[in-house]
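Enquirer:
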Amino acid sequence: MIEAFVSGLTDVFTYPTFPLMLLGIAAGFAVGILPGIGSPGAVALMLPFIFDMGPVEAFAFLLAMYSVTGTTGDITSILFGVPGEVVSAATIIDGHPMAKQGEAGRALGAALMSSLIGAIIGAFTLAAVIPIVTPLVLSFKSPEFFMLALLGIAFLAVLSGENKLKGVLAAGLGLVLAMVGLDPQENIERYTFGLVGLWEGVGLVAPIVGLFAIPEIVELWVKRTSIAETRVGRLGGIWQGIKDTYTYLGVTVRCSLIGTFFGLVPGVSAALSQWVSYGHAVHSASDKSRFGKGDVRGVLGPGAANNSGIGAAMIPMVAFGVPGSATTAILLGALMIQGLQPGPKILTENLSLIFSMVWVLVVSNIITVGVCLLFLRQLVKITYVRGSLLIPGLFALVFLGGYADTNSYLAMGITTIFGMIGLIMVHHDWPRPPLVLGLVLGPLIERNLFISYEVYKFAFLLRPIVLVILAITVTVLFLPNIQARVAKHQAPRGESDCLERGMTF
Amino acid sequence: LLLRSAGANEDITMQRVRTISISAWSVAFAIGFWLFGFKLGAALLSLAFLRFQASESWKISLLYGLGAYFFFLVGFETALGSPLPVGMIAASLGLQSFERYLVNFILDLVLRHC
Chain X
1 MIEAFVSGLT
11 DVFTYPTFPL
21 MLLGIAAGFA
31 VGILPGIGSP
41 GAVALMLPFI
51 FDMGPVEAFA
61 FLLAMYSVTG
71 TTGDITSILF
81 GVPGEVVSAA
91 TIIDGHPMAK
101 QGEAGRALGA
111 ALMSSLIGAI
121 IGAFTLAAVI
131 PIVTPLVLSF
141 KSPEFFMLAL
151 LGIAFLAVLS
161 GENKLKGVLA
171 AGLGLVLAMV
181 GLDPQENIER
191 YTFGLVGLWE
201 GVGLVAPIVG
211 LFAIPEIVEL
221 WVKRTSIAET
231 RVGRLGGIWQ
241 GIKDTYTYLG
251 VTVRCSLIGT
261 FFGLVPGVSA
271 ALSQWVSYGH
281 AVHSASDKSR
291 FGKGDVRGVL
301 GPGAANNSGI
311 GAAMIPMVAF
321 GVPGSATTAI
331 LLGALMIQGL
341 QPGPKILTEN
351 LSLIFSMVWV
361 LVVSNIITVG
371 VCLLFLRQLV
381 KITYVRGSLL
391 IPGLFALVFL
401 GGYADTNSYL
411 AMGITTIFGM
421 IGLIMVHHDW
431 PRPPLVLGLV
441 LGPLIERNLF
451 ISYEVYKFAF
461 LLRPIVLVIL
471 AITVTVLFLP
481 NIQARVAKHQ
491 APRGESDCLE
501 RGMTF
Chain C
506 LLLRSAGANE
516 DITMQRVRTI
526 SISAWSVAFA
536 IGFWLFGFKL
546 GAALLSLAFL
556 RFQASESWKI
566 SLLYGLGAYF
576 FFLVGFETAL
586 GSPLPVGMIA
596 ASLGLQSFER
606 YLVNFILDLV
616 LRHC
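Below you can see the structure in the form of structure tokens.
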């Protein structure tokens with residue numbers, strides 16, 4: 001274990017892993033600072049480039065990019081009041097008022113340093129949990145992995161949108177789309193419409209890129225995102241912000257732990273953890289009068305939480321194949337593209353890969369904070385780039401990504417179709433992550449179901465762990481209904497009518 | 506209130522127009538790459554998009570188009586050594602490179618007239 005931990009560190013500094021990590025950091029900077037492009041879309045866009053990379057290189061590139069987006073997303077939240085990422089929204093409440101009062105540098109220093117502490121805590125949680133999780137995962141067989149995949153889909157389907165029926169249907173659509181191609185057991189064509197190009201299925205990269213990147217490009221155009229509308233003033237006081245992180249180390253560490261906990265629980269998004277952390281920062285303060293008007297603790301809490309969750313979110317994804325967010329669902333797809341499957345094999349045969357993920361998270365955040373502190377003023381200039389200038393380049397990347405999936409024009413067609421599906425889903429408020437997860441986990445579910453039935457027949461449903469996971473899945477699916485019913489019965493008559501109509505006060 | 510709601514309606518209409526136009530552009534980019542390949546397709550469509558949709562200046566649009574062409578040429582074909590598809594038009598004419606054929610054709614024309 002210690003050997004793998006050390007080799008994970010040395011792997012990060014080898015060629016071409018380290019330059020690729022730096023490239024990922026640079027891409028993450030741009031993505032985090034530009035509000036138009038979110039981390040799921042950006043990670044999806046980069047998937048085609050990992051075909052020729054090894055697993056360590058691929059994850060150094062993708063994880064570095066992902067981990068940096070949260071940190072740099074705070075920059076626009078503080079300076080312009082526009083969150084660079086969804087997970088950076090809570091930083092606005094106190095960060096932007098601080099910037100207005102001429103304390104932008106202090107807020108940025110606090111956000112960057114708390115992000116670094118959060119990232120380190122999250123990364124080492126990932127390292128610490130691996131020895132605990134491994135024996136549990138090794139005791140799992142095909143029936144358990146089949147049920148875990150269903151649980152993962154249930155988590156993401158129910159918790160990724162307000163309407164869980166839409167989530168479940170999106171996941172179902174993903175599972176159906178995963179069936180396209182030749183049936184792996186009998187080699188029977190399924191939904192191929194006579195197209196030989198579909199024998200291998202719709203692939204992963206082309207649909208994911210289409211689903212996530214095209215709607216983001218559309219949004220970039222529709223909103224005409226002129227990222228920075230006001231010029232940035234003086235950026236002094238950064239060191240004061242760094243000192244604040246240590247003055248309020250308790251808040252930073254506790255909020256990091258909150259972020260870590262939320263990262264560990266699949267389906268509970270990092271977007272929520274930042275608000276809980278902000279709430280904790282307010283609640284734990286003796287003097288609450290400055291919150292909302294520019295209290296540095298209001299920056300430290302969310303800053304620490306949104307980065308600590310990233311490392312922790314790798315645990316359910318790698319060990320059980322249960323991703324907790326859109327980005328981790330896409331990273332699971334990256335794992336599959338690399339020919340790796342979550343579960344026992346990766347925890348025993350590719351342990352140094354897991355530890356290299358830990359080190360990538362730590363090293364990339366250290367580099368990010370260093371670069372931010374040194375070149376903050378120059379970095380802010382990225383925000384003056386007009387959205388319209390990004391669009392042709394993004395389209396080229398999207399379709400090149402689709403093409404690279406199978407080296408066929410058909411894949412470009414698939415990208416376009418999924419782009420339109422993504423647009424319709426966004427327009428009608430349908431969650432896209434369950435669809436991606438259905439697509440990614442579909443083949444795994446099918447294979448594990450087939451093996452389970454071949455070996456145990458229907459008795460596989462009666463295995464103790466399967467029953468436990470089944471119970472959790474059913475609870476996840478129906479708990480919101482039960483809670484709503486209980487709330488309805490407890491609420492007075494008039495209020496219950498409003499609840500029935502989905503109204504909130 | 507009426508004025509505000511009229512403004513909001515105008516915004517929604519504008520958003521719809523923009524969504525439809527950019528969706529059409531996404532299809533145009535896909536078709537462009539299919540017809541002209543990635544290098545020439547990226548150059549032509551970037552130029553067309555920036556000049557006629559985003560109303561950028563000719564200078565920026567042309568420079569961007571050239572940049573896109575050389576990005577694919579240098580970044581992919583030269584550095585990564587992975588040749589990009591030439592597109593359906595060039596393939597159906599049996600050409601290795603549509604743009605090389607076009608440049609030769611123009612040079613021929615110029616030389617003949619000179």
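Each protein sequence line maps, in turn, to chains X and C.
Going by this note's numbering, the letters in the first sequence line up with residues 1 to 505, in that order.
Going by this note's numbering, the letters in the second sequence line up with residues 506 to 619, in that order.
Just so it is clear, CB atoms sit at the ideal spot from N, CA and C, and this is done for glycine as well.
Counting only C-beta atoms, is C:Leu550 closer than 8 Å to chain X at any point?
Expert: Yes, contact with chain X.
Enquirer: Is X:Ala396 helix, strand or coil by DSSP?
Expert: Correct three-state label for X:Ala396: helix.
Enquirer: Taking X:Phe80 as part of the alpha helix (DSSP H), name the residues at either end of that continuous run.
Expert: X:Phe80 -> alpha helix (DSSP H) spans 55 to 80.
Enquirer: For X:Leu390, decide whether its Cβ has a neighbour in chain C, counting only Cβ atoms nearer than 8 Å.
Expert: Closer than 8 Å: no.
Enquirer: With a threshold of 16 other CB atoms inside 10 Å of the CB of C:Val608, please say whether the residue is buried or exposed.
Expert: C:Val608 is exposed by the Cβ-count criterion.
Enquirer: Please check the pair X:Asn365 and X:Ser67, which I expect to be a contact at CB under 8 Å, by giving their CB distance rounded to whole angstroms.
Expert: With a Cβ gap of about 6 Å, X:Asn365 and X:Ser67 count as contacting.
Enquirer: Have a look at C:Gly580 and C:Ala535 and give me their C-alpha separation to the nearest angstrom.
Expert: Rounded to the nearest angstrom, the two C-alpha atoms are 20 Å apart.
Enquirer: So C:Lys544 packs on C:Tyr574, CB below 8 Å; how close in whole Å?
Expert: Between C:Tyr574 and C:Lys544 the Cβ distance is about 5 Å, and since that is below 8 Å, they are a contact.
Enquirer: For the candidate residues X:Pro302, X:Asp405, X:Ala178, whose alpha-carbon lies nearest to that of X:Gln338?
Expert: Nearest of X:Pro302, X:Asp405, X:Ala178 to X:Gln338, Cα basis: X:Asp405.
Enquirer: Can you pull the chain C residues whose beta carbon is under 9 Å from the beta carbon of X:Ala396, in chain order?
Expert: Neighbours of X:Ala396 on chain C, chain order: Phe534, Phe538, Phe543, Gly546, Ala547, Leu550, Ser551, Ala573, Phe576, Phe577.
Enquirer: Kindly indicate which residue of X:Leu435, X:Gly102, X:Leu112 has the alpha-carbon position closest to the one of X:Tyr246.
Expert: Cα-wise, what sits closest to X:Tyr246 is X:Leu112.
Enquirer: Is C:Gln520 close to chain X, meaning its C-beta is less than 8 Å from at least one C-beta of that chain?
Expert: It does; some Cβ of chain X falls within 8 Å.
Enquirer: Between X:Trp430 and chain C, is there a C-beta pair that is closer than 8 Å?
Expert: Taking Cβ atoms only, chain C never reaches closer than 8 Å to X:Trp430, which makes this a no.
Enquirer: Quick one: residues in its chain with C-beta nearer than 8 Å to the C-beta of X:Gly321, no 5 flanking neighbours on either side, listed in chain order?
Expert: Once the five neighbours on either side are set aside, the close Cβ partners of X:Gly321 are Phe145, Leu148, Ala149, Gly152, Leu332, Gln341, Pro342, Gly343, Leu441, Leu444.
Enquirer: Can you round the beta-carbon distance between X:Val137 and X:Leu347 to whole angstroms, since I take them to be within the 8 Å contact cut?
Expert: Indeed they touch by this definition, with Cβ atoms about 6 Å apart.
Enquirer: Return the CA-CA distance between X:Ile310 and X:Thr368, expressed in angstroms with no decimal places.
Expert: One C-alpha to the other measures close to 15 Å.
Enquirer: Using CA coordinates, which residue listed in X:Ala170, X:Val486, X:Ile50 is at the minimum distance from X:Ile424?
Expert: The residue with the shortest Cα to Cα distance from X:Ile424 is X:Ala170.
Enquirer: For X:Val222, return the contacting residues in chain C, with the cut-off set at a CB-CB distance below 8 Å.
Expert: Going along chain C in sequence order, the residues near X:Val222 (Cβ under 8 Å) are Gln520, Arg523, Thr524, Ile527.
Enquirer: Go ahead and label C:His618 buried or exposed: buried means 16 or more other beta carbons lie within 10 angstroms of its beta carbon, across all protein chains shown.
Expert: Classification of C:His618: exposed, given that the 10 Å Cβ count is below 16.
Enquirer: Return the bridge partner residues of X:Gly181 from the DSSP annotation.
Expert: Answer is X:Arg190, bridged to X:Gly181.
Enquirer: Find the nearest neighbour of X:Leu257 within the set X:Leu175, X:Gly41, X:Leu300, X:Ser289, judged by alpha-carbon distance.
Expert: Ranking the options by Cα distance to X:Leu257, first place goes to X:Leu300.
Enquirer: For X:Phe18 and X:Trp430, what's the separation of their Cα atoms in angstroms?
Expert: The alpha-carbon atoms of X:Phe18 and X:Trp430 are separated by roughly 38 Å.
Enquirer: Going straight from the alpha carbon of X:Met1 to that of X:Val12, what length do you get?
Expert: Rounded to the nearest angstrom, the two C-alpha atoms are 17 Å apart.
Enquirer: Here's a check: name, in chain order, each residue in its chain whose Cβ is nearer than 6 Å to the Cβ of X:Val358, leaving out the five neighbours to either side.
Expert: Same-chain partners within the cutoff: Ala123, Leu126, Ala127.
Enquirer: Can you list, in chain order, the residues of its chain with a C-beta nearer than 7 Å to that of C:Trp563? Leave out the 5 residues immediately preceding and following it.
Expert: Arg556, listed in sequence order.
Enquirer: Please state whether the Cβ-Cβ distance between X:Gly8 and X:Ser308 is less than 8 Å.
Expert: Result no, Cβ atoms of X:Gly8 and X:Ser308 do not sit closer than 8 Å.
Enquirer: Give the range of the alpha helix (DSSP H) segment to which X:Lys288 is assigned.
Expert: No alpha helix (DSSP H) holds X:Lys288; DSSP gives it neither H nor E.
Enquirer: Report the neighbours of X:Thr416 on chain C: residues whose CB is nearer than 8 Å to its CB, in chain order.
Expert: Neighbours of X:Thr416 on chain C, chain order: Ser531, Val532, Ala535.
Enquirer: For C:Glu449, go through chain X and note every residue whose CB falls closer than 9 Å to its CB, in chain order.
Expert: This structure gives no information on residue 449 of chain C, because the portion of chain C shown stretches from 506 to 619.
Enquirer: Within 10 angstroms of the Cβ of X:Trp239, are there 16 or more other Cβ atoms? Answer buried if so, exposed if not.
Expert: Exposed, since its Cβ has fewer than 16 Cβ neighbours within 10 Å.
Enquirer: Since X:Met415 and X:Val426 are thought to touch, with beta carbons under 8 Å apart, how far apart are those beta carbons, to the nearest angstrom?
Expert: One detail in the question is off: residue 415 of chain X reads as Thr in this sequence, not Met. X:Thr415 to X:Val426, Cβ: 16 Å. No contact.
Enquirer: Return no unless some Cβ of chain X is closer than 8 Å to the Cβ of C:Asp516.
Expert: No, C:Asp516 does not count as interfacial toward chain X.
Enquirer: Let me see if you follow: with CB-CB separation under 8 Å, is X:Gly419 close to chain C or not?
Expert: Closer than 8 Å to some Cβ of chain C, the Cβ of X:Gly419 qualifies, so yes.
Enquirer: On the criterion of 16 or more Cβ atoms from any shown chain inside 10 Å, does C:Ser560 qualify as buried, or is it exposed?
Expert: When all chains shown are included, C:Ser560 counts as exposed.
Enquirer: Could you check whether X:Phe212 and X:Pro40 sit closer than 8 Å to each other, using their CB atoms as the reference points?
Expert: Contact: yes.
Enquirer: Which residues, in order along the segment 37 to 68 of chain X, keep a beta-carbon less than 9 Å from a beta-carbon of chain C?
Expert: Residues Asp52.
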